[in-house]
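Student:
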Amino acid sequence: MADASESLTVTDNRTGQTYELPIEEGAIRASALRLIKLNDEDPGLLSYDPGYIATASCRSAITFIDGERGILRYRGYPIEELAEHSSFLEVAYLLVSGELPNDQELALWVDEIKHHTLVHENIRKFVDGFHHDAHPMGILISTVAALSTFYPDAKDIDDAAKRRLQIVRMTAKSATLAALAFRHAMGFPYVYPDNDLSYTGNFLSMMFKMAELKLKPEPALERGLDVLFMLHADHEQNCSTSAMRQVGSSRPDPYSAAAAAVAALYGPLHGGANEQVLRMLTEIARPENVAGYVARAKDGKRRLMGFGHRVYRSYDPRGRVARQVADDVFKVTGINPLLETALELERVALSDDYFLSRQLYPNVDFYTGMIYQAMGFPVDMFPVLFAIGRMPGWLAQWEENLLDEEQKINRPRQLWVGHGIRHYVPMGHRAPYAGTRLALQAASAAPPRPGR
Ligand code: CMC
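Under my numbering, the residues of the sequence shown are numbered 439 to 890, in order.
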């Protein structure tokens with residue numbers, strides 16, 4: 439019997455029966471609902487929660503968010519403090535190991551990462567096979583998945599040392615894969631890693647080095663990008679992290695699970711939003727066009743990209759840090775001409791009851807796109823930059839899930855809303871076509887995309 443003050447009493451009005459469900463850590467166990475039945479044949483009650491609005495899928499000790507108060511902490515450390523004092527690789531260590539490293543641990547970790555930045559030459563050749571205008575996120579999804587074929591030892595997920603090796607490999611190689619995707623699209627020769635540089639400095643070198651012997655990254659840009667990687671490093675049970683855990687729950691190698699996470703991140707409602715913010719600001723073009731655009735967003739005809747968040751109901755703490763990064767970066771690069779339009783959009787939206795009443799505030803992606811653009815990254819690369827930053831978070835969450843004895847293969851239930859039994863109808867006895875067949879015809883009649 440649960441402590442009455444830590445329980446929920448439920449009366450099933452269909453039967454008049456009363457049940458007491460324990461409350462632990464602010465939650466009831468959905469499986470407790472299975473005890474609530476009409477009769478012995480009834481499998482018991484389910485909870486229905488599309489989009490997981492009120493469902494905790496795991497217990498986690500990695501990232502804490504308080505969406506009402508705008509708090510984000512990695513392993514207890516506030517994001518603002520990490521962004522000010524730490525580095526991306528130190529934060530990656532914190533996420534995957536649970537503690538901040540001492541100086542020896544950090545030196546060893548950085549050294550390990552640097553020794554795994556190269557990718558097999560066949561990965562390079564694989565990237566050559568993509569069309570010149572292939573989206574770099576498509577290339578990243580594919581190359582992360584392809585890594586699984588190069589490291590068959592990664593299947594041994596019960597071996598802690600092998601798990602750690604894959605964590606190092608993936609943290610190191612995601613930046614290399616990202617740069618390969620960019621250089622391929624530009625038709626530039628690939629640049630091999632430069633171990634004299636920091637993680638982020640090396641990434642900038644692999645992206646932008648041309649004929650010079652060595653690229654010396656501009657310190658303000660190197661630091662700015664490093665901070666943005668930290669801001670993106672984890673964000674508890676978001677869509678891509680849930681994909682990582684979900685796929686990981688059937689126990690494949692982590693590369694296969696990470697490919698699913700990158701794919702989930704690609705969508706415009708998640709990591710693809712930074713790209714969409716830039717496209718939106720470019721479309722709005724001038725501050726005087728903002729009011730008309732906002733009016734259309736209120737009609738439900740389009741969304742203001744970079745606004746709103748499932749968890750943050752006041753401000754996104756990452757947004758504040760990103761604004762500071764923008765100031766630092768723009769001092770070197772000059773102000774992004776879209777900034778004026780963005781500030782006007784923010785001002786108009788934040789004085790409009792539609793956005794205030796729905797608690798829609800600028801999120802991190804509202805600012806990052808303008809910074810990335812000022813740094814010289816093409817718009818297509820924005821979600822790829824998010825993916826590089828998020829990789830340590832995905833890996834930490836993947837391992838936490840594997841080691842959690844309560845976790846099982848993820849297998850949600852459904853509410854059946856389809857037909858009852860129907861018997862097979864022979865061809866010639868079927869009704870003239872329905873919508874689906876019509877849709878298929880339309881698809882096959884669509885002209886091929888030019889150049890394909
Ligand atoms: N512009 C206009 N209206 C919006 C927006 C927006 N950006 N976001 C939500 N709404 C409205 C929505 O139409 C709905 O209105 P109503 O109650 O009248 O139907 C209400 O606000 C609630 O929206 P929802 O879709 O139920 O909210 P959600 O929690 O499911 O969605 C979200 C969260 C982030 C997907 C959504 O706010 C959105 O699409 N934002 C734009 C995309 C974006 O910036 N994504 C990046 C998120 S931060 C980076 C990351 O961590 O992924």
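The beta-carbon is built from N, C-alpha and C at its ideal position, and this holds for glycine as well.
Computed from a predicted model, the values in this text were never measured in an experiment.
Check whether the segment 799-815 and the segment 467-486 are in contact - that is, three or more C-beta pairs closer than 8 Å.
Tutor: Touching, no.
Student: Among the residues of its own chain, which have a CB less than 6 Å from the CB of residue 511, if the five just before and after it don't count?
Tutor: On the sequence shown, residue 511 is found 73 positions in, with the first residue counted as 1. Closer than 6 Å at the Cβ level, and outside the excluded window around residue 511, lie 502.
Student: Does the contact criterion of 3 or more C-beta pairs under 8 Å hold for the segment 666-680 versus the segment 783-791?
Tutor: No, they do not touch.
Student: Comparing the CB of residue 706 with every heavy atom of ligand 1, is any distance shorter than 8 Å?
Tutor: As a first step, residue 706 is located in the sequence shown; it is residue number 268 there, counting from the start. It does: the Cβ of residue 706 is within 8 Å (strictly closer) of some heavy atom of ligand 1.
Student: Just checking residue 743 against ligand 3 - is the residue's beta carbon closer than 8 Å to any of the ligand's heavy atoms?
Tutor: This structure does not include ligand 3; its bound ligands are ligand 1.
Student: Closest by CA to residue 569, which one among 585, 594 and 621?
Tutor: Here the question's residue 569 lines up with position 131 in the sequence shown. Per the Cα distances, 621.
Student: State the Cα-Cα distance for the pair residue 668 and residue 477, rounded to the nearest angstrom.
Tutor: Along the sequence shown, one-based indexing puts residue 668 at 230. Along the sequence shown, one-based indexing puts residue 477 at 39. Whole-angstrom Cα-Cα distance: 53 Å.
Student: I'd like the span of the alpha helix (DSSP H) that includes residue 765, first residue to last.
Tutor: On the sequence shown, position 327 is the one that residue 765 refers to. Element bounds for residue 765: 755-771.
Student: Between which two residues does the beta strand (DSSP E) harbouring residue 804 extend?
Tutor: Within the sequence shown, the letter at position 366 stands for residue 804. Residue 804 -> not in any beta strand (DSSP E); alpha helix (DSSP H) instead, spanning 802-813.
Student: Cα-Cα, which of 444, 673, 596 and 636 is closest to residue 825?
Tutor: Along the sequence shown, one-based indexing puts residue 825 at 387. It is 673 whose Cα lies nearest to the Cα of residue 825.
Student: Evaluate residue 827 with the Cβ neighbour count: other Cβ atoms within 10 Å of its Cβ, from every protein chain shown; 16 or more gives buried, anything less gives exposed.
Tutor: Numbered from 1 along the sequence shown, position 389 holds the residue referred to as residue 827. Its Cβ being crowded by 16 or more others within 10 Å, residue 827 is buried.
Student: Excluding the 5 residues preceding and the 5 following residue 557 in the sequence, name in chain order all residues of the same chain whose CB lies nearer than 6 Å to its CB.
Tutor: Within the sequence shown, the letter at position 119 stands for residue 557. Here the set comprises 611 and 614.
Student: Do residue 804 and ligand 1 come close, with the Cβ less than 8 Å from some heavy atom?
Tutor: Your numbering for residue 804 matches position 366 in the sequence shown. Yes, the Cβ of residue 804 comes within 8 Å of a heavy atom of ligand 1.
Student: Helix, strand or coil: how does DSSP classify residue 859 here?
Tutor: Locating residue 859 in the sequence shown gives position 421, counting from the first residue. Note: residue 859 maps to coil in three-state DSSP.
Student: Let's see if you can read the secondary structure: which residues bound the alpha helix (DSSP H) around residue 792?
Tutor: Working through the sequence shown from its first residue, we reach residue 792 at position 354. Run containing residue 792: 791-795, per the alpha helix (DSSP H) assignment.
Student: Are there 16 or more other CB atoms within 10 angstroms of the CB of residue 586, so buried, or fewer, so exposed?
Tutor: Taking the sequence shown and counting its residues from 1, the one referred to as residue 586 is at position 148. Buried.
Student: Could you tell me the alpha carbon to alpha carbon distance between residue 455 and residue 519, rounded to whole angstroms?
Tutor: On the sequence shown, residue 455 is found 17 positions in, with the first residue counted as 1. On the sequence shown, residue 519 is found 81 positions in, with the first residue counted as 1. So the alpha carbons of these two residues sit roughly 52 Å apart.
Student: Distance, Cα to Cα, residue 652 vs residue 461?
Tutor: Along the sequence shown, read from residue 1 onward, the residue named residue 652 stands at position 214. Along the sequence shown, read from residue 1 onward, the residue named residue 461 stands at position 23. Computed Cα separation, rounded: 59 Å.
Student: Quick check on residue 448: does DSSP put it in helix, strand or coil?
Tutor: Sequence index remark: in the sequence shown, residue 448 carries index 10 (1-based). It is a strand residue.
Student: Decide yes or no for the touch test of the segment 690-701 against the segment 851-864: beta carbon pairs closer than 8 Å, at least 3 of them.
Tutor: Because the criterion of three Cβ pairs below 8 Å is not met, the segment 690-701 and the segment 851-864 do not touch.
Student: What residue from 626, 617, 781 and 625 has the CA that sits closest to residue 639's CA?
Tutor: For the purposes of this step, residue 639 is identified with residue 201 of the sequence shown, where counting begins at 1. Ranking 626, 617, 781 and 625 by Cα distance to residue 639 puts 617 first.
Student: For residue 507, tell me which candidate among 846, 753 and 715 has the shortest Cα-Cα distance.
Tutor: Sequence index remark: in the sequence shown, residue 507 carries index 69 (1-based). Answer by Cα proximity: 753.
Student: Helix, strand or coil for residue 890? Go by DSSP, reduced to three states.
Tutor: Residue numbering aside, residue 890 sits at position 452 when the sequence shown is read from its first letter. Annotation note: pLDDT 43 at residue 890 (below 50); position unreliable, coordinate value reported separately. In this structure, residue 890 counts as coil in the three-state DSSP scheme.
Student: For ligand 1, I want to know if residue 533 counts as a neighbour, meaning its beta carbon is within less than 8 Å of at least one of the ligand's heavy atoms.
Tutor: On the sequence shown, position 95 is the one that residue 533 refers to. The answer is no for residue 533.
Student: Going along the chain, which residues of its own chain have a beta-carbon closer than 6 Å to the beta-carbon of residue 450, five neighbours each way excluded?
Tutor: As a first step, residue 450 must be located in the sequence shown, where it is residue number 12. So the qualifying residues of the chain are 474.
Student: Under 9 Å, do residue 561 and residue 837 count as touching if we go by C-beta distance?
Tutor: Within the sequence shown, numbered from 1, the residue matching residue 561 stands at position 123. Within the sequence shown, numbered from 1, the residue matching residue 837 stands at position 399. Cβ atoms of residue 561 and residue 837: not closer than 9 Å.
Student: Output yes or no for whether 9 Å exceeds the beta carbon distance between residue 599 and residue 666.
Tutor: The count along the sequence shown starts at 1 and reaches residue 599 at position 161. The count along the sequence shown starts at 1 and reaches residue 666 at position 228. For residue 599 and residue 666, no; Cβs fall outside 9 Å.
Student: Cβ of residue 565 versus every heavy atom of ligand 1: is any distance shorter than 8 Å?
Tutor: Counting from 1 along the sequence shown, the entry for residue 565 is found at position 127. No, since every heavy atom of ligand 1 falls outside the 8 Å radius drawn around the Cβ of residue 565.
Student: Closer than 6 Å by C-beta to residue 538: which residues in its own chain qualify, once you throw out the five before and the five after it? Chain order, please.
Tutor: The sequence position of residue 538 within the sequence shown is 100, counting from 1. Once the five neighbours on either side are set aside, the close Cβ partners of residue 538 are 532.
Student: Just to confirm, is the Cβ distance from residue 840 to residue 798 under 9 Å?
Tutor: For the purposes of this step, residue 840 is taken as the residue at position 402 of the sequence shown. For the purposes of this step, residue 798 is taken as the residue at position 360 of the sequence shown. Result no, Cβ atoms of residue 840 and residue 798 do not sit closer than 9 Å.
Student: What are the start and end residues of each continuous alpha helix (DSSP H) run of 4 or more residues lying completely inside the segment 553-589, in chain order?
Tutor: Qualifying alpha helix (DSSP H) stretches, in chain order: 559-566 and 574-588.
Student: Taking DSSP as the reference, what is the three-state secondary structure of residue 465?
Tutor: Taking the sequence shown and counting its residues from 1, one reaches residue 465 at position 27. It is a strand residue.
Student: Expressed to the nearest angstrom, what Euclidean distance is found between the alpha-carbon atoms of residue 870 and residue 856?
Tutor: For the purposes of this step, residue 870 is taken as the residue at position 432 of the sequence shown. For the purposes of this step, residue 856 is taken as the residue at position 418 of the sequence shown. Distance between the alpha carbons of residue 870 and residue 856: 21 Å.
Student: I'd like the ranges of any alpha helix (DSSP H) spanning at least 4 consecutive residues and lying wholly in the segment 659-694.
Tutor: Correct list: 677-686.
Student: Just how far apart, CA to CA, sit residue 628 and residue 555?
Tutor: Residue 628 sits at position 190 when you count from the first residue of the sequence shown. Residue 555 sits at position 117 when you count from the first residue of the sequence shown. Looking at the two C-alpha atoms, the distance is approximately 14 Å.
Student: At a threshold of 8 Å, does residue 754 count as lining ligand 1 (C-beta to nearest heavy atom)?
Tutor: What you label residue 754 is simply residue 316 of the sequence shown in a count that begins at 1. The answer is yes for residue 754.
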